[in-house]
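Numbering (UniProt numbering), first residue to last: 1 to 187.
Note that the Cβ used here is the ideal one computed from N, Cα and C, for glycine as well.
Notes to accompany the following structure.
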């Protein structure tokens, strides 16, 4: 169903095709999860690409478009490897999730300061795969995981929410990732 793309030339070929189709050179990627696809629709001055037209891109059953604008790529689903080749800057992701903290309310926004990869405890890690001599296009085989959520970007997010008057709905927390695909259970 999803082609395995693990060769740098495949990623580069796809990135080159995308960049040849638009004059925009975004610095930020927004990957929209369930419920926030309208963020991509809100972009002005956009070029839009169907995933089925992009060479080497996996096909998805959901909304599958990549939008390019002056400083932003927005997508409902996009392989991170392609974003790495296209941007080399910032990625903003969202998703619907449950909270274990009683102080959070439904609809709150959580800015992630750290994460726990529960499938990683069983050896399922997104960093598994080909890696030439310990360093690949994505960086070292064993990257340091402390500080992966940039403090200045988190502060910027809080400041923006404050300026928008929604800071009462914003929390900071640790994201616990579980396997899927599925939404949360009542447990």
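Only counting the same chain, and skipping five residues up and downstream in sequence, which positions put a Cβ closer than 8 Å to that of residue i?
i           : result
residue 119 : 125, 177, 178 and 179
residue 97  : 110, 175 and 184
residue 107 : 169
Measure the Cβ-Cβ separation of residue i and residue j and say whether it is below 8 Å.
i           : j           : result
residue 148 : residue 109 : no
residue 30  : residue 92  : yes
residue 174 : residue 114 : yes
residue 15  : residue 86  : yes
residue 56  : residue 10  : yes
residue 167 : residue 161 : yes
With DSSP run on the structure shown, which of helix, strand or coil describes residue i?
i           : result
residue 92  : strand
residue 57  : coil
residue 169 : helix
residue 151 : helix
residue 120 : helix
residue 156 : helix
residue 108 : coil
residue 114 : strand
residue 161 : helix
If you drop the 5 nearest sequence neighbours on each side, which residues of the same chain put their C-beta closer than 7 Å to that of residue i?
i          : result
residue 89 : 27 and 28
In terms of residues, what are the limits of the beta strand (DSSP E) holding residue i?
i           : result
residue 186 : Where residue 186 is concerned, there is no enclosing beta strand (DSSP E), given that its DSSP letter is neither H nor E.
residue 47  : 47-50
residue 29  : 28-31
For residue i, I'd like the list of residues in its chain whose CB is within less than 6 Å of its CB, leaving aside the five on either flank, ordered along the chain.
i           : result
residue 157 : 111
residue 117 : 177
residue 100 : none
residue 226 : The chain is shown only over 1 to 187; residue 226 falls outside these bounds and no answer can be derived.
Is there a Cβ from chain C that is less than 8 Å from the Cβ of residue i?
i          : result
residue 44 : Any reference to chain C falls outside this structure, which holds one protein chain only.
Is it the case that the CB of residue i approaches a heavy atom of the ligand GDP more closely than 7 Å?
i          : result
residue 15 : No copy of the ligand GDP occurs in the structure displayed, which carries no ligand at all.
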